[in-house]
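Asks: Sequential numbering of the sequence shown, starting at 3, is according to the working numbering.
Dropping the structure in here first, questions after.
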Amino acid sequence: MPHPHQGSCFRYWGWVLMATVWPLGLGLQASLWVEDCAWWPAVAQGQEPAQARQSAVEFSAKKIESAHLENLHRIELKPIPATAKVQAVEKRAILFGGSPETEAAMAELAASGVTIIVSVDGAPPLVELAKKHGLKYVHIPVKYSTLSREQIVSLAAVLQRNHEPVYVHCHHGKHRGPAALVAALKCTVTDLETDALLKTFGTDPKYRGLYEAARKAQPLQAHELARVPEKLPEAIQDLSPARLMSEIDCSFDQLLALRKVSEPLENKELPVQLRTWQEQAIDLEEAFLEYQRLIERQFPMMPPEQQMQYRQFLKTSLSHAAAIRSELTATADRSDGMPARLKKCCDSLDALQQSCAGCHAQFRN
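Written out as structure tokens, the structure reads:
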């Protein structure tokens, strides 16, 4: 017959053994993970990421003066702590900035060691110009209002699969480009201070959806990475004046619901709805900006007087769209004075509708 305390004695020493060996096992596992993953800590050899197994990464970013690329920045990442194997791994460099639209801009990127350019701009990139300088393009167009998980994972996959410096750009290199890049990095370097970084890079806080997408980016999963095709489109050719007008119409129609908001403002869903309207107002304003940029190419084919009139219609419409976005941002931020701001939004909607009707009567109908 066993001693009455024999079972508890075995259990005690069992717990002691586990407490001694378990941390060693975790430490060994983490060490192997760092060496397998090199600089990209979240995914290796098809494994799922685990927070405890992620290596620390030394992160640095600096602005670079350039005569050809707007808001040019260089980001460097280096794995730490150093081991014999990790020390042999080079620093990884990522650059971001404005759209490279000249021979000089492409030449500067090629000279800096870049081989892959990722455009998150809506306009199709200048693929042939890039090829002249030995550069390849990947096109992942994103909106100003938010970033989808698929877009973030696609960019993260490009960064992981290419060992040479990658250049990420939007139009001006201040909003969509930095936000998409920081979100992709947050998937693996989980302790990034995303808000502080984006402000440093010049991303306007009015683009709440971009800030939120970067802030909430989750660790990259191996199965997500596996779903990203090895070859992504170099140019998505679906941006046209007709498509942008369709997007403007869609955003405008959804914002017309503002006219139905009346006092007293007691609807519990109103704060959430205001955020949605704010995103739609951002999309509306940016669609006008993209349309303006795209239509500039067609102006030389118009008589000078028509050019002037068309530009004035666009300028007026864009100012009304900006006013709607500004008032909705202020309304979403604070509740005081909400009825007056919503009234201003409705007035701007009416003015925008009149401006569009005048433009259509003269140039489309």
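For glycine and all other residues, C-beta sits at the position ideal for the given N, C-alpha and C.
Fair warning: this is a prediction, and the values are worked out from it, not measured in the lab.
Assign Phe365 to one of two classes, buried (16 or more other C-beta atoms within 10 Å of its C-beta) or exposed (fewer than that).
Replies: As a first step, residue 365 is located in the sequence shown; it is residue number 363 there, counting from the start. So Phe365 counts as exposed.
Asks: Taking the alpha-carbon of Arg178 as reference, which of Met247, Ser242, Pro167, Phe203 has the nearest alpha-carbon?
Replies: On the sequence shown, position 176 is the one that residue 178 refers to. For Arg178, the nearest C-alpha among the options comes from Phe203.
Asks: Could you tell me if Gln356 is buried or exposed, where buried requires 16 or more neighbouring beta carbons within 10 angstroms of its beta carbon?
Replies: For this step, residue 356 is matched to residue 354 along the sequence shown. Per the 10 Å Cβ criterion, exposed.
Asks: On the three-pair Cβ rule with 8 Å, is the segment 187-194 touching the segment 301-318?
Replies: no
Asks: Just checking Ile142 against the ligand FMN - is the residue's beta carbon closer than 6 Å to any of the ligand's heavy atoms?
Replies: In terms of ligand content, the structure shown is empty, and the ligand FMN therefore cannot be addressed.
Asks: State the Cα-Cα distance for the pair Leu257 and Ala113, rounded to the nearest angstrom.
Replies: Translated into the one-based positions of the sequence shown, residue 257 becomes position 255. Translated into the one-based positions of the sequence shown, residue 113 becomes position 111. Approximately 47 Å, taken between the alpha carbons.
Asks: Buried or exposed: Arg94, going by 16 or more other Cβ atoms within 10 Å of its Cβ?
Replies: On the sequence shown, residue 94 is found 92 positions in, with the first residue counted as 1. With 16 or more other Cβ atoms within 10 Å, it is buried.
Asks: So if DSSP puts Arg94 in a beta bridge, which residue, or which two residues, is it bridged to?
Replies: Here residue 94 is taken as the residue at index 92 of the sequence shown, counted from 1. Arg94 pairs with Leu79.
Asks: What number of angstroms, rounded off, separates the C-alpha of Met247 from the C-alpha of Pro167?
Replies: What you label residue 247 is simply residue 245 of the sequence shown in a count that begins at 1. What you label residue 167 is simply residue 165 of the sequence shown in a count that begins at 1. Distance between the alpha carbons of Met247 and Pro167 is about 37 Å.
Asks: Within the same chain, show all residues whose beta-carbon is closer than 7 Å to that of Pro243, passing over the 5 residues directly before and after it, in chain order.
Replies: Along the sequence shown, read from residue 1 onward, the residue named residue 243 stands at position 241. Counting only Cβ-Cβ distances below 7 Å, and skipping sequence neighbours, we find Tyr293, Leu296, Ile297.
Asks: Report the CB separation of Glu249 from Asp206 in whole angstroms; it is logged as a contact under 8 Å.
Replies: Here residue 249 refers to the residue found at position 247 of the sequence shown. Here residue 206 refers to the residue found at position 204 of the sequence shown. With 8 Å as the limit, Glu249 and Asp206 do not qualify as a contact, their Cβ atoms being about 20 Å apart.
Asks: For Lys201, name the three-state secondary structure that DSSP assigns.
Replies: Position 199 of the sequence shown, counted from the start, is the residue given in the question as residue 201. Secondary structure of Lys201 (DSSP, three-state): helix.
Asks: Does the Cβ of Lys1 have 16 or more other Cβ atoms within 10 Å, making it buried, or fewer, making it exposed?
Replies: Given that the chain is displayed from residue 3 to residue 367, the structure contains no residue 1 and the question cannot be resolved.
Asks: Using a 10 Å radius around the Cβ and a threshold of 16 neighbouring Cβ atoms, would you call Thr190 buried or exposed?
Replies: The count along the sequence shown starts at 1 and reaches residue 190 at position 188. Thr190 is buried by the Cβ-count criterion.
Asks: Confirm, please, whether the CB-CB distance from Ala63 to Ile154 is below 7 Å.
Replies: Reading the sequence shown from its first residue, position 152 is the one you call residue 154. Reading the sequence shown from its first residue, position 61 is the one you call residue 63. Going by C-beta atoms, Ile154 is not nearer than 7 Å to Ala63.
Asks: How is Ala63 classed by DSSP in three states: helix, strand or coil?
Replies: Here residue 63 refers to the residue found at position 61 of the sequence shown. Looking at Ala63 - three-state DSSP - the assignment turns out to be strand.
Asks: When you compare only the Cα positions, how much space is there between Arg210 and Thr148?
Replies: Here residue 210 refers to the residue found at position 208 of the sequence shown. Here residue 148 refers to the residue found at position 146 of the sequence shown. Going from the Cα of Arg210 to the Cα of Thr148 covers about 8 Å.
Asks: Val120 to Pro305, Cα distance in whole Å?
Replies: Start at 1 with the first residue of the sequence shown, and residue 120 comes out as number 118. Start at 1 with the first residue of the sequence shown, and residue 305 comes out as number 303. Roughly 37 Å between the two C-alpha positions.
Asks: Between the C-alpha atoms of Cys1 and Ala215, what's the straight-line distance to the nearest angstrom?
Replies: Because the chain here runs from 3 to 367, residue 1 falls outside it and cannot be looked at.
Asks: My guess is that Pro180 and Phe98 are in contact by the Cβ rule of under 8 Å, so how many angstroms apart are they, rounded?
Replies: Here residue 180 corresponds to residue number 178 of the sequence shown, with the count starting at 1. Here residue 98 corresponds to residue number 96 of the sequence shown, with the count starting at 1. Contact holds; Cβ gap of about 6 Å.
Asks: Using CA atoms only, rank isn't needed, just tell me which of His362, Ser156, Ser101, Thr333 is closest to Pro235.
Replies: By 1-based counting over the sequence shown, the position of residue 235 is 233. Of His362, Ser156, Ser101, Thr333, the residue nearest in Cα terms is Ser156.
Asks: With 16 as the cutoff for other CB atoms within 10 Å, does Phe254 come out buried or exposed?
Replies: Along the sequence shown, read from residue 1 onward, the residue named residue 254 stands at position 252. Under this definition Phe254 is a buried residue.
Asks: Distance, Cα to Cα, Asp240 vs Asp338?
Replies: For the purposes of this step, residue 240 is taken as the residue at position 238 of the sequence shown. For the purposes of this step, residue 338 is taken as the residue at position 336 of the sequence shown. Approximately 42 Å between the Cα atoms of the pair.
Asks: Does DSSP classify Gly136 as helix, strand or coil?
Replies: For the purposes of this step, residue 136 is taken as the residue at position 134 of the sequence shown. Note: Gly136 maps to coil in three-state DSSP.
Asks: Three Cβ pairs or more, each shorter than 8 Å: is that satisfied between the segment 129-147 and the segment 98-110?
Replies: Under the three-pair Cβ rule at 8 Å, the segment 129-147 counts as touching the segment 98-110.
Asks: Need the endpoints of the beta strand (DSSP E) that His171 sits in, please.
Replies: Residue mapping note: residue 171 aligns to position 169 of the sequence shown, counting from 1. Run containing His171: 168-171, per the beta strand (DSSP E) assignment.
Asks: Under DSSP, the beta strand (DSSP E) around Ile118 begins and ends at which residues?
Replies: Within the sequence shown, residue 118 is the residue found at index 116, counting from 1. Ile118: member of the beta strand (DSSP E) spanning 118-121, first to last residue.
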